[in-house]
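Notes follow the structure.
Residue numbers (full-length UniProt numbering): 1 to 350.
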C-alpha cells in the first residue's frame with residue numbers, strides 16, 4: 001500500500017511525506033470500532049487475516065512499539081509516532097472501545113460534546129517524525145568542511161535545474177543498483193541505531209511514477225537486502241518536509257475503504273465511526289553546523305585531516321542524489337516504515 005499511497009498523495013504535489021506506520025495505527029483503531037461485517041470487508045480489501053486474529057496482532061504489536069516511543073520521547077535522539085482521537089458527538093464511545101484506544105494505541109482522546117449531534121463522528125490523527133542526527137554526526141560536520149561544495153545541480157521532475165545545498169555521508173553502507181526498479185539506492189543509518197533512511201533514485205528524472213508501480217511487486221521491508229555493503233560516499237540534498245493535517249482519507253476511499261468513513265447514527269448497527277484520518281509528518285536532513293566545528297580547531301578535525309591524507313585510495317563508489325527520489329524511514333528493529341516520501345524539488349522551507 002505504501003507505493004499506492006505515495007502515488008496518490010504526490011500526484012499533484014512536488015514533495016510529500018506521510019507515515020505508513022501512523023496510517024496503519026489509524027486503520028487498526030478504526031477496525032476496533034466497526035461491526036464484524038465491515039471489519040471483514042476491511043481485512044479483505046487490505047489482504048489481512050481474519051479480523052479476530054489481526055485485531056489481536058495489531059493491539060499487541062502497536063502497543064509494544066508505542067510504549068517504546070513514549071519511553072524515549074524525551075531522548076535527544078528520538079523517532080516516534082503519537083495518536084490522538086477527537087469525538088464530536090452527544091454520545092460517548094463504548095467503554096470497551098475507548099479503553100482499547102487509550103491503553104493499546106495510546107490515543108489521547110478529546111470529546112467535544114455537541115448536543116444537537118446524535119451522530120458518532122470520530123476523527124483520528126497521528127503525528128510521526130524523526131529528531132535524530134546522522135550516524136557519527138560529529139565526524140560528518142568535519143568531513144563536510146573538508147569536502148565542502150556550496151551547492152550542486154539538482155534536476156527536477158520537469159527537467160529544470162536548481163542549485164541545492166548537499167550533505168555528504170561517508171562510510172560502509174548498503175548501496176548499489178536495483179535493476180528491477182531501474183534505480184540507485186542506499187541505506188543510511190541514523191544516530192542511536194533505531195532508524196535508517198533508504199533513498200531510491202530512478203535513472204530518469206521523471207521516473208518516480210514508474211518506480212512506485214514497480215515497488216508494488218517488491219517486499220519493501222527487504223528492499224535493501226539486495227544491496228551489497230559498500231565503501232561509499234553518498235551526497236543528498238539538504239531539505240525539510242512537513243505535512244500538517246494531511247488527509248489520507250481520499251486515497252483510502254479510492255482503495256476501496258469507502259465504508260470506513262460512513263458516519264453512523266445512534267440507532268444504526270452498521271457503518272464506520274471514522275469521519276477522517278489525518279496526519280502530521282515531518283522529516284529534515286539537517287546536520288551539525290560546519291562553521292562551529294571548523295572554528296574549534298578540534299582534535300577531531302586534525303585527526304580526520306590526517307586520516308584523509310593517509311587514505312591509500314580514494315572512494316570509488318559515489319552516489320549523488322541529484323534527481324527526484326523516494327525516501328523511506330525505517331524503524332530498524334521492526335523494519336516498519338515510519339515515514340515515506342517523494343522529493344521532486346528539494347527545499348529547506350517546510
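Where a beta carbon is used, it is the ideal one built from N, C-alpha and C, also for glycine.
Asked, Found
"Helix, strand or coil at residue 80 [DSSP, three-state]", "strand"
"Rounded Cβ spacing between residue 322 and residue 154 (contact assumed at less than 8 Å)", "5 Å"
"Assigned exposure category for residue 248 - 16 Cβ within 10 Å defines buried", "buried"
"Short Cβ contact (8 Å threshold) for residue 105 with residue 69", "no"
"Cβ pair count under 8 Å reaching 3, the stretch 192-208 against the stretch 322-335", "yes"
"Beta-bridge partners of residue 278, as assigned by DSSP", "125 and 247"
"Cα-Cα separation, residue 212 to residue 346", "19 Å"
"Host alpha helix (DSSP H) of residue 99 (start-end)", "95-103"
"Through-space distance from residue 158 to residue 11, alpha-carbon basis", "14 Å"
"Three-way DSSP call (helix, strand, coil) for residue 304 in this model", "Unreliable positioning characterises residue 304 in this predicted model, as indicated by a pLDDT of 38, which lies under 50. A coordinate reading is not provided."
"Pick from 191, 224 and 151 that is closest to residue 162, judged by C-alpha positions", "151"
"Distance CB(residue 30)-CB(residue 58) smaller than 8 Å", "no"
"Residue closest to residue 246, alpha-carbon to alpha-carbon, out of 279, 225 and 229", "279"
"Segment limits, beta strand (DSSP E) that includes residue 190", "Looking at the DSSP string, residue 190 is not in any beta strand (DSSP E), and its letter there is neither H nor E."
"Distance between beta carbons of residue 234 and residue 175, contact taken as under 8 Å", "7 Å"
"For residue 55, the first and last residue of its enclosing alpha helix (DSSP H)", "51-71"
"Close-in-space but distant-in-sequence residues of the same chain around residue 297 (CB under 8 Å, 5 per side omitted)", "Because residue 297 carries a pLDDT of 36, less than 50, the predicted location of this residue cannot be relied on, and the following value inherits that uncertainty. None."
"Supposed close pair residue 335, residue 221 - CB separation, criterion 8 Å", "4 Å"
"Supposed close pair residue 261, residue 274 - CB separation, criterion 8 Å", "6 Å"
"Of the residues 23, 196, 67 and 65, the one placed nearest residue 46, counting alpha carbons only", "23"
"8 Å Cβ cutoff met for residue 65 and residue 340", "no"
"Contact under 8 Å by Cβ, residue 53 with residue 89", "no"
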